[in-house]
Amino acid sequence: MNIVLTGFMGTGKSIVGEKLAQRLGMGYIDTDQIIEEREGCEISKIFKEKGEDYFRKIETEVVKEVSSFNNCVIATGGGVVLKEENIKALRRKGIIISLSANPRVILERTSKSKKRPLLLNCPDPYERIERMLNFRKPYYEKMDLKIDTSFLNPTEVVEKILKFLRKDGDN
Ligand code: S3P
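So the sequence shown is residues 1311 to 1481, counted in my numbering.
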């Protein structure tokens, strides 16, 4: 069984994923990291030089591969939810958790990073975040557990996930 973390950029998937894996003694996997290793360059460069469609194709290949792993916490990129085939693959062996945050918090958490090509070079990143969030909301909402991380630190988010897993195990 795997635990998959989905959610918009800046909702804490990577930091929460690492901590959760540590707490549970599970492996930790980050699909964006695998894509960067495989392509030999950063995601923003992949977007710039090869385009988003190319990135999404590689992302789906990686998602399908990691979906067959066992006993891993898998942090995914924010756009993974947009393709039904990604979620279908991840569901086969995974509980899927969706982390969320309000647009202000997302802007604050992402503004220091140059790693988000979809939020770079736009005149009004807040508006872009709101628009993308609105579009993606129905996709993120379909998951097994939803946690708003706006006012929680990563340890608190991990505790919520552990509580859910304990309850789920009782069923
Ligand atoms: C994306 C989110 C990024 C990365 C890529 C596209 C998205 O991952 O996969 O820039 O479409 O939301 P993070 O959510 O880890 O920032």
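Where is the CB? At the ideal position from N, CA and C, for every residue including glycine.
Nothing here was measured: the structure is a model prediction, and the numbers come from that model.
DSSP state of residue i mapped onto helix, strand, coil
i, result
"residue 1362", "helix"
"residue 1340", "strand"
"residue 1322", "coil"
"residue 1481", "Because the pLDDT at residue 1481 is just 48, under 50, the model does not fix this residue reliably, and the value given afterwards should be weighed accordingly. Coil at residue 1481, not helix or strand."
"residue 1410", "strand"
"residue 1428", "helix"
"residue 1474", "helix"
"residue 1462", "coil"
"residue 1422", "coil"
Limits of the beta strand (DSSP E) - the one that residue i falls within
i, result
"residue 1312", "1312-1317"
"residue 1382", "1382-1385"
N-terminal and C-terminal residue of the alpha helix (DSSP H) that residue i is part of
i, result
"residue 1399", "1394-1402"
"residue 1447", "1435-1450"
Counted within 10 angstroms of its Cβ, other Cβ atoms place residue i as buried (16 or more) or exposed
i, result
"residue 1450", "buried"
"residue 1392", "exposed"
Decide if the region 1334-1341 is in contact with the region 1423-1436; the criterion is three or more beta carbon pairs, one per stretch, under 8 angstroms apart. In short, these stretches do not touch, since the Cβ pair count stays below three.
Within the structure, which residues are defined as neighbours of the ligand S3P by a Cβ-heavy atom distance below 6 angstroms, reported in chain order? That query returns the following residues: 1319, 1323, 1342, 1353, 1387, 1388, 1389, 1426, 1427 and 1428.
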